[in-house]
Amino acid sequence: MDEEKLSPDSHRVATSDDIEVSTYLEIAKEIAGEQPVAAEAAVSPAEREAIIVIDFGSQYSMLIARRIRECQVYCELVPHDTPWEKIAPLNPRGFILSGGPASVYDEEAPLAPPYIYEGHLPILGICYGMQVLTTQLGGTVAPGTQREYGHAVLYLSDEDSPLFADLPSPSPVWMSHGDRIEDMPPGFRSLAYTENSPVAVMGNDDRIFGLQFHPEVAHTPYGKTILRNFAYRVCRCQGNWTMGNFINESLSKIRNQVGSGRVICALSGGVDSAVVATLVHRAVGDQLTCIFVNNGLLRRDEAQRTLNTFRLNLGMNINYVDATERFLDRLRGITDPEVKRKAIGEEFIRVFEQEAEKIGKVDFLAQGTLYPDVIESTSSVSKVSATIKTHHNVGGLPARMKLQLLEPLRYLFKDEVRQVGHELGLPEEMVRRQPFPGPGLAIRIIGEVTSEKLEILRAADWVLMNEIKKANMYNQLWQSFAVLTDVRSVGVMGDYRTYGYLLAVRAVTSEDAMTADWARLPYDLLARISNRVVNEVPGVNRVVFDITSKPPSTIEWE
Ligand code: XMP
Numbered sequence: 014m015d016e017e018k019l020s021p022d023s024h025r026v027a028t029s030d031d032i033e034v035s036t037y038l039e040i041a042k043e044i045a046g047e048q049p050v051a052a053e054a055a056v057s058p059a060e061r062e063a064i065i066v067i068d069f070g071s072q073y074s075m076l077i078a079r080r081i082r083e084c085q086v087y088c089e090l091v092p093h094d095t096p097w098e099k100i101a102p103l104n105p106r107g108f109i110l111s112g113g114p115a116s117v118y119d120e121e122a123p124l125a126p127p128y129i130y131e132g133h134l135p136i137l138g139i140c141y142g143m144q145v146l147t148t149q150l151g152g153t154v155a156p157g158t159q160r161e162y163g164h165a166v167l168y169l170s171d172e173d174s175p176l177f178a179d180l181p182s183p184s185p186v187w188m189s190h191g192d193r194i195e196d197m198p199p200g201f202r203s204l205a206y207t208e209n210s211p212v213a214v215m216g217n218d219d220r221i222f223g224l225q226f227h228p229e230v231a232h233t234p235y236g237k238t239i240l241r242n243f244a245y246r247v248c249r250c251q252g253n254w255t256m257g258n259f260i261n262e263s264l265s266k267i268r269n270q271v272g273s274g275r276v277i278c279a280l281s282g283g284v285d286s287a288v289v290a291t292l293v294h295r296a297v298g299d300q301l302t303c304i305f306v307n308n309g310l311l312r313r314d315e316a317q318r319t320l321n322t323f324r325l326n327l328g329m330n331i332n333y334v335d336a337t338e339r340f341l342d343r344l345r346g347i348t349d350p351e352v353k354r355k356a357i358g359e360e361f362i363r364v365f366e367q368e369a370e371k372i373g374k375v376d377f378l379a380q381g382t383l384y385p386d387v388i389e390s391t392s393s394v395s396k397v398s399a400t401i402k403t404h405h406n407v408g409g410l411p412a413r414m415k416l417q418l419l420e421p422l423r424y425l426f427k428d429e430v431r432q433v434g435h436e437l438g439l440p441e442e443m444v445r446r447q448p449f450p451g452p453g454l455a456i457r458i459i460g461e462v463t464s465e466k467l468e469i470l471r472a473a474d475w476v477l478m479n480e481i482k483k484a485n486m487y488n489q490l491w492q493s494f495a496v497l498t499d500v501r502s503v504g505v506m507g508d509y510r511t512y513g514y515l516l517a518v519r520a521v522t523s524e525d526a527m528t529a530d531w532a533r534l535p536y537d538l539l540a541r542i543s544n545r546v547v548n549e550v551p552g553v554n555r556v557v558f559d560i561t562s563k564p565p566s567t568i569e570w571e
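FYI, the numbering for the sequence shown is 14 to 571, going by my numbering.
In structure tokens, the structure reads:
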């Protein structure tokens with residue numbers, strides 16, 4: 014999957030650091046002109062069709078929802094014990110039962126809610142979901158003689174099944190299961206098999222299906238074809254989940270919610286806040302004021318560029334505050350990563366509150382919460398999991414400032430947010446920007462943050478990004494950045510001894526930042542980066558490349 018992303022002929026789009034400020038001004042002027050909002054007619058929530066994923070806790074559950082949405086069908090992920098009253102308003106056209114870590118013959122094994130069998134909507138069970146179906150519909154599941162994990166080859170026994178349209182036979186699939194179907198429920202038959210699973214796919218009446226493998230993962234190359242067939246040929250969806258429809262729906266929702274109220278939004282320069290601000294501005298115009306806090310922890314020229322783009326973008330009201338000194342004072346002497354993160358978060362809230370007070374009465378805070386955050390905060394897994402890092406966001410603000418939240422992106426995945434940004438006419442370099450953490454460069458400087466170290470890191474990061482972009486790799490990487498360690502080592506330049514900082518290069522591929530793989534950057538690119546950094550950045554005399562994935566590492570170093 015990651016190798017695909019790194020293919021050299023992928024299309025390259027210009028990115029922020031390529032672009033001179035003057036170009037930004039041009040872009041901003043361009044988007045300040047009239048933009049067609051969306052060509053398509055709005056779809057009311059009542060007409061919008063949805064496929065519901067009943068979540069049994071698989072690490073891939075979220076991927077199922079993403080794949081279905083990639084087929085232009087709206088999809089939501091809900092815990093397995095969600096009552097029907099919450100599902101009905103979504104206008105479900107079918108259910109998918111996810112995989113999960115349990116075994117159906119465990120005493121406490123989670124099962125599907127009865128309503129999914131009582132209606133006449135199609136059902137697709139995946140892995141554990143297939144075993145749940147089997148058990149609840151009168152079949153038998155038993156422990157397999159051996160675990161089946163990894164690649165397998167699928168042979169179709171019934172090529173006419175609607176699930177298999179456009180599917181070659183044989184085709185590779187990816188398995189991860191210990192239990193297997195011993196007896197299918199009455200009325201079911203095997204539709205496909207693998208060497209170790211005589212019932213790799215089962216179905217009845219072209220309405221209820223079970224897959225023993227995972228169609229949602231990239232290792233099942235035709236998996237999306239199967240999911241698309243389920244959505245269109247089995248559930249009879251029309252495919253009305255488009256970002257144009259989403260924008261139209263959101264604009265009227267935001268107008269209804271806000272009325273004549275006033276909205277503030279924290280702008281960071283990142284894609285999420287940019288899209289939120291543009292959407293809200295389009296809905297309620299000057300009732301929105303954006304606050305852009307420069308914490309002094311941004312990359313080279315970033316604050317000026319963001320400011321220029323947004324001030325001119327549709328004439329948005331932006332209150333800019335340069336709080337560099339405040340943040341540096343606050344960070345003095347702090348070396349512990351969590352203390353650093355908390356200090357930055359608190360300082361941000363203080364500055365933001367002060368700025369908001371100047372605006373007068375405000376009713377709403379618009380923020381770029383995304384669907385993965387929503388899922389994480391409702392899933393039982395996250396409630397018991399340990400805090401790895403305290404993410405800096407504006408979450409503490411509404412309670413303190415008595416603001417209502419406006420979260421127009423709360424049901425979108427990151428790639429959908431990018432599409433919305435694209436449809437709204439935001440510059441591609443902003444829409445395609447790699448994620449940048451709220452605490453900024455502070456969590457990429459190991460140890461105390463000082464203005465001297467910030468300058469070193471900015472210079473190194475500039476070189477690194479320049480080389481990554483020249484190599485056409487920027488858009489193929491989830492993130493690429495430099496980390497200034499607090500290790501110093503001896504070197505030699507000319508005839509002189511040097512004693513300089515060790516700089517680490519981090520580059521990862523990822524779908525959602527929950528897991529990430531280190532990117533296999535070409536050696537000659539790494540050589541150019543190392544050479545230029547050591548020559549062009551005073552204070553650095555050694556460069557290393559981080560070759561750890563997440564887990565066990567995290568993407569950022571702090
Ligand atoms: P980790 O380091 O936890 O990062 O693997 C996962 C993703 O989150 C970004 N990140 C943050 N984003 N505020 C943010 O807005 C934060 O405090 C923060 N910390 C990490 C990180 O860059 C990566 O994309």
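Built from N, CA and C at the ideal position, the CB exists for glycine as well.
Note that the structure is predicted; figures quoted are calculated from it, not measured.
Taking 8 Å as the cut-off, decide whether the C-beta atoms of Ser-111 and Ile-77 are in contact.
Contact flag set, yes.
Which residues in the same chain as Tyr-162 place their Cβ atom closer than 6 Å to its Cβ, once the five residues preceding and following it in sequence are excluded?
The answer, listed in chain order, is Ser-189.
Taking a contact to mean a Cβ-Cβ separation below 8 Å, would you say Val-186 touches Ala-155 in this structure?
No, the pair does not count as a contact, with Cβ atoms beyond the cut-off.
Grab me the residues of Ser-35's own chain with a C-beta within less than 6 Å of its C-beta, minus the 5 sequence neighbours each way, in chain order.
Only weak support is given to the placement of Ser-35: the predicted model assigns it a pLDDT of 37, under 50, and the question is left unresolved by the model.
What residues in its chain sit with their C-beta under 6 Å from that of Ile-571, if we drop five residues either side in the sequence?
Checking the displayed sequence, the identity of residue 571 turns out to be Glu instead of Ile. Excluding sequence neighbours, Glu-571 sits near Pro-350, Ile-456.
With Leu-146 and Ile-136 assumed to form a contact (beta carbons below 8 Å), what rounded beta-carbon distance in angstroms separates them?
Contact flag correct, Cβ pair sits at about 7 Å.
How should Pro-565 be labelled, buried or exposed, when 16 other C-beta atoms within 10 angstroms of its C-beta is the threshold for buried?
Pro-565 should be labelled exposed.
With hydrogens ignored, establish whether the beta-carbon of Gln-492 is closer than 7 Å to any heavy atom of the ligand XMP.
Gln-492: yes, Cβ under 7 Å from the ligand XMP.
Does the contact criterion of 3 or more C-beta pairs under 8 Å hold for the stretch 265 to 283 versus the stretch 227 to 238?
With a cut-off of 8 Å, the stretch 227 to 238 and the stretch 265 to 283 do not count as touching, because too few Cβ pairs lie within range.
Evaluate Tyr-37 with the Cβ neighbour count: other Cβ atoms within 10 Å of its Cβ, from every protein chain shown; 16 or more gives buried, anything less gives exposed.
Annotation note: pLDDT 37 at Tyr-37 (below 50); position unreliable, no value reported.
Counting only the same chain and skipping the five closest in sequence on each side, list residues whose C-beta sits under 8 Å from that of Ala-369.
Excluding positions up to five away in sequence, the list reads Ile-277, Ile-304, Val-375, Met-414.
Contact check, Ala-213 vs Phe-226 under 8 Å by CB: the rounded distance?
Ala-213 to Phe-226, Cβ: 6 Å. Contact.
Rounded to a whole number of angstroms, what is the C-alpha to C-alpha distance between Gly-654 and Leu-292?
No answer is possible for residue 654: the residues shown for the chain start at 14 and end at 571.
Between Thr-567 and the ligand XMP, is the CB less than 7 Å from at least one heavy atom?
Indeed, a heavy atom of the ligand XMP lies less than 7 Å from the Cβ.
Note down the Cα distance separating Asp-173 from Pro-181, rounded to an integer number of angstroms.
Taking the straight line from one Cα to the other gives about 12 Å.
For Ala-54, does the three-state DSSP call read helix, strand or coil?
At Ala-54, the pLDDT of 45 sits below 50, so the modelled position is not reliable and the matter cannot be decided from this model.
By how many angstroms is the C-alpha of Gly-460 removed from the C-alpha of Arg-501?
Each residue's Cα considered, the two are about 12 Å apart.
Between the stretch 531 to 546 and the stretch 478 to 489, are three or more C-beta pairs nearer than 8 Å?
Touching, yes.
Would you mind working out which of Glu-62, Ser-74, Arg-61 sits nearest Ile-388, comparing C-alpha positions?
Ranking the options by Cα distance to Ile-388, first place goes to Ser-74.
With a cut-off of 8 Å on the beta carbons, I'd call Leu-134 and Pro-105 a contact; round off their distance for me.
Right, the Cβ-Cβ distance comes to about 6 Å (below 8 Å), so this counts as a contact.
Leaving out the 5 sequence neighbours to the left and right, which residues in its chain are closer than 8 Å to Gln-85 when beta-carbon positions are compared?
Closer than 8 Å at the Cβ level, and outside the excluded window around Gln-85, lie Gly-252, Asn-253, Trp-254, Thr-255.
Looking at C-beta atoms only, is the number of pairs between the stretch 276 to 290 and the stretch 337 to 353 that lie closer than 8 Å three or more?
Short answer: they don't touch.
For Lys-396, which residues in the same chain have their Cβ closer than 7 Å to its Cβ, ignoring the five residues on either side in sequence?
The pLDDT assigned to Lys-396 is 42, lower than 50, so where the model puts this residue is not dependable, and the model offers no usable value.
Give the range of the alpha helix (DSSP H) segment to which Ala-78 is assigned.
Note, Ala-78: alpha helix (DSSP H), 74 to 83.
Consult DSSP for Asn-576 and reduce its assignment to one of helix, strand or coil.
Here the chain has residues from 14 to 571 only, and residue 576 is not among them.
Is the separation between the beta-carbon of Pro-448 and that of Ala-526 shorter than 8 Å?
It is a contact, given that the beta carbons lie within the stated cut-off.
So Val-288 and Val-433 are in contact, right, with Cβ under 8 Å, and what is the actual spacing, rounded?
The pair is a contact, with the Cβ atoms about 5 Å apart (cut-off 8 Å).
Considering only residues of the stretch 424 to 510, which uninterrupted alpha helix (DSSP H) runs meet the minimum length of 4 residues and lie entirely inside it, listed in chain order?
With a minimum length of 4 residues, the continuous alpha helix (DSSP H) runs that stay inside the stretch 424 to 510 are 427 to 436, 441 to 444, 464 to 483.
Consider the C-beta atom of Ile-401 and the heavy atoms of the ligand XMP; say whether any pair is separated by less than 7 Å.
It does: the Cβ of Ile-401 is within 7 Å (strictly closer) of some heavy atom of the ligand XMP.
From Asp-299 to Ala-290, what does the alpha carbon distance come to, in whole angstroms?
Each residue's alpha carbon lies about 11 Å from the other.
Residues in the same chain with beta-carbon distance under 6 Å from Leu-538, minus the five sequence neighbours each way, listed in chain order, please.
Taken in chain order, the residues that qualify are Ala-484.
Only counting the same chain, and skipping five residues up and downstream in sequence, which positions put a Cβ closer than 8 Å to that of Leu-310?
Phe-340, Ile-357, Pro-452, Gly-453, Leu-454, Ala-455, Val-462, Leu-467.
Using only the alpha-carbon positions, how far apart do Tyr-487 and Ser-493 sit?
Near 8 Å, if we compare the C-alpha coordinates of Ser-493 and Tyr-487.
Under 8 Å by Cβ, that's how I've got Ala-473 and Leu-516 pegged, so tell me the actual separation to the nearest angstrom.
That pair is a contact at about 5 Å.
For a minimum of 3 consecutive residues, which ranges assigned as the beta strand (DSSP E) are wholly contained in the stretch 143 to 224?
Taking only runs of at least 3 residues, the beta strand (DSSP E) segments lying wholly in the stretch 143 to 224 are 153 to 169, 184 to 196, 202 to 206, 214 to 217, 221 to 224.
If Tyr-512 sits next to Val-503, beta carbons under 8 Å apart, how far is it from one beta carbon to the other, in whole angstroms?
Right, the Cβ-Cβ distance comes to about 6 Å (below 8 Å), so this counts as a contact.
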